[in-house]
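To start, the structure under review is shown below, and the notes come after it.
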Amino acid sequence: CNTKNACFLSFSQLRQTVRKFFAEKLAPYADEIDKKNDFPQLRNFFKEMGEMGLLGITAPVECGGTGLGYLDHCIVLEEMSRVSAAIALSYGAHSNLCVNQMVRHANEKQMEKYMPKLLTGEHIGALAMSEPNAGSDVVSMKLKARKDGDSYILNGNKFWITNGPDADVLIVYAKTDPEAHQRGITAFIVEKGMPGFSTAQKLDKLGMRGSNTCELIFEDCKIPAENILGPLNKGVYVMMSGLDLERLVLASGPIGIMQAVLDAAVPYVHIREAFGQKIGHFQLMQGKMADMYTRLSSCRQYLYNVARACDKGHFSDCAGVILYCAENATQVALDGIQCLGGNGYINDYPMGRFLRDAKLYEIGAGTSEVRRLIIGRSFNAMYK
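Counted from 1, the sequence shown has number 91 at position 91 by the UniProt record's numbering; the numbering is strictly sequential.
Listed below in structure tokens is the structure:
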């Protein structure tokens, strides 16, 4: 194996390797990251992931990646989310939303320029679609890119951008032909420090604290035409083809959160006593544990089956899997709080963090309502 890449012979070996790494390098900081909404060691942590080959897990070996599949990617993000869902979200934004999009659409010159530092962790990546009035309805975006010789001038803003305050390289979607609506959107590669590009103060979020999020501001920001990612005015194709894979990989986050809830709740109910016995011996509590376990197990198998299909080139059911996993994670987190009773409601225990982090997955990467629309429309398309 290349020393900069991880050598994983099986899914089990991959899981055990990253579990040990996250337990040592991330777990000791997880509670503090949430409380302070900050992870000062983020860049060092990314560089260590780069040394393991985790930042380009789906990137081909010939361009410095690890050359693994989407199921491998899901396993890594699941195990990281079990420790810190917030930092796992930042990892997903980098490795899937940025790196994987570039692998799929960048030309050779762009790959040579940007990929090496993204894969080592020297640079952090992000993707910018959402705007203050264009979330799930991304094609209604207002950010405009006006052609100016061999460049484009961007004016407008983006909002809710994961890794925004930290990113060195961003994939940004803008309207290059406003009259063409969805057929006039183009993807651009934007670098930190480009004149006219700035970031606003990071947001103080309910959950996913420490995964830095902010508004991006473009004021006559000049982007070279050579930084167009994919074809001109074909940004919707770049965007939509990536959204399925985004939903797939990010569905791993709720799995990790559910596992973390069980990690905390099951031992607790077998230590805590009430009415002369361990509360885990009460039938109602046994039923709750059974519900939590079966929710996790069904979600995990659903995710892995969809990931295997994606590895074979069948990108269907990604909206379904993130819908199912996200809503179950919120319920499992609520059940976990109930298992701990009063202790579940105080911040000395991590249950509140699990719930706050889980809720994001019903909103980000398309709301639960939009996911239901996508699934419903897929049935409609079968009966045209």
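For every residue, glycine included, the Cβ atom is placed at its ideal position computed from N, Cα and C.
For residue j and residue i, believed in contact at Cβ under 8 Å, the rounded distance
i	j	result
Ile153	Thr186	13 Å between Cβ atoms; not a contact.
Leu119	Gly64	5 Å
Leu26	Ile87	6 Å
Ser130	Pro224	In fact, because the Cβ distance is near 24 Å, the residues do not count as touching under 8 Å.
Tyr361	Pro254	5 Å
Met258	Leu296	4 Å
Lys144	Pro195	Contact doesn't hold; Cβ gap of about 17 Å is too wide.
Ala251	Val190	Actually they do not touch by this definition, with Cβ atoms about 27 Å apart.
residue 386	Asn157	Absent from the model: residue 386. The displayed extent of the chain is 1 to 384, so no value can be given.
Tyr173	Ala128	7 Å
Ala92	Leu71	Reading the sequence as shown, one finds Gly at residue 92 and not Ala. About 15 Å; that fails the 8 Å criterion.
Beta-carbon proximity list for residue i, same chain, < 6 Å, skipping 5 on both sides
i	result
Cys318	Asp244, Arg247 and Leu248
Pro212	A quick correction: the sequence has Asn, not Pro, at residue 212. Pro165, Asp166 and Lys202, listed in sequence order.
His123	Lys117, Asp168 and Val169
Ser90	Asn163 and Ser211
Gly336	Val261, Ala265 and Met351
Asn2	The predicted position of Asn2 is uncertain, since its pLDDT is 42 and thus under 50; a value taken from the coordinates is nonetheless stated next. Hits under 6 Å: none found.
Val332	Met258, Val261, Met292 and Arg295
Tyr272	For the sequence presented, residue 272 should be read as Arg rather than Tyr. Ile279.
Ser198	Ile217
Identity of the residue in the options nearest residue i by Cα
i	options	result
Asp38	Ile57, Pro165, Gly156 and Gly69	Pro165
Ser368	Gly341, Phe379, Leu340 and Cys325	Cys325
Ala309	Cys214, Met80 and Cys74	Cys74
Lys288	Leu334, Gly193 and Ala307	Leu334
Cys339	Gly313, Asn380 and Met292	Met292
Arg82	Gly341, Phe282 and Lys20	Lys20
residue 406	Ser316, Ile346, Gln101 and Lys312	Because the chain spans 1 through 384 in this model, residue 406 falls outside it and cannot be assessed.
Phe315	Lys147, Gly242 and Thr58	Gly242
Asp348	Asp34, Val99 and Ser12	Asp34
Cys299	Asn328, Ser12, Asn233 and Gly69	Asn328
Asn133	Glu112, Trp160 and Asn155	Trp160
Lys142	Asn155, Asp148 and Ala290	Asn155
Phe69	Gly344, Arg183, Lys47 and Lys312	According to the sequence shown, residue 69 is Gly rather than Phe. Of the listed residues, the one whose Cα sits closest to Gly69 is Lys312.
Val99	Glu79, Thr330, Ser378 and Thr58	Thr58
Gly341	Ala274, Ala381 and Asp220	Ala274
Terminal residues of the alpha helix (DSSP H) in which residue i lies
i	result
Arg146	Arg146 -> not in any alpha helix (DSSP H); beta strand (DSSP E) instead, spanning Lys144 to Asp148.
Lys288	Gln283 to Asp311
Ser252	Ser252 to Val269
Phe354	Met351 to Leu360
Thr330	Cys318 to Leu340
Ala128	Ala128 -> not in any alpha helix (DSSP H); beta strand (DSSP E) instead, spanning Gly125 to Ala128.
residue 385	Residue 385 is absent from the structure shown; the chain starts at 1 and stops at 384.
Val139	Per DSSP, Val139 belongs to no alpha helix (DSSP H) and is neither H nor E.
Lys158	It is not in any alpha helix (DSSP H) - Lys158 instead sits in the beta strand (DSSP E) that spans Ser151 to Thr162.
Thr199	Taken as a continuous stretch (DSSP letters only), Thr199 belongs to no alpha helix (DSSP H), being part of the beta strand (DSSP E) at Phe197 to Thr199.
Terminal residues of the beta strand (DSSP E) in which residue i lies
i	result
Pro224	Thr213 to Pro224
Thr367	From DSSP, Thr367 is part of no beta strand (DSSP E); its letter is neither H nor E.
Phe21	Note, Phe21: premise wrong, no beta strand (DSSP E); alpha helix (DSSP H) at Phe11 to Lys25.
Ser90	Run containing Ser90: none in the beta strand (DSSP E); it sits in the alpha helix (DSSP H), Ala85 to Gly92.
Val190	Ile185 to Glu191
Phe46	From DSSP, Phe46 is part of no beta strand (DSSP E) but of the alpha helix (DSSP H) over Leu42 to Met52.
Contact set for residue i: own chain, Cβ-Cβ below 8 Å, skip 5 residues either direction
i	result
Ala6	Note that Ala6 scores a pLDDT of 47, beneath 50, so its modelled location is shaky and nothing firm can be said.
His181	Val139
Met239	Met129, Val138, Tyr173, Ile185 and Ala187
Leu323	Ser368, Arg371, Arg372 and Ile375
Tyr114	Met102, Ala106, His123, Val169 and Ile189
Neighbourhood of residue i by C-beta distance below 7 Å, restricted to the same chain and skipping five residues each side
i	result
Ala200	Cys214, Glu215 and Ile217
message: Counting beta carbon pairs with one atom in the stretch 351–364 and one in the stretch 195–211, are three or more of them shorter than 8 Å?
response: yes
message: Count Cβ pairs between the stretch 229–238 and the stretch 95–108 that sit closer than 8 Å; are there 3 or more?
response: yes
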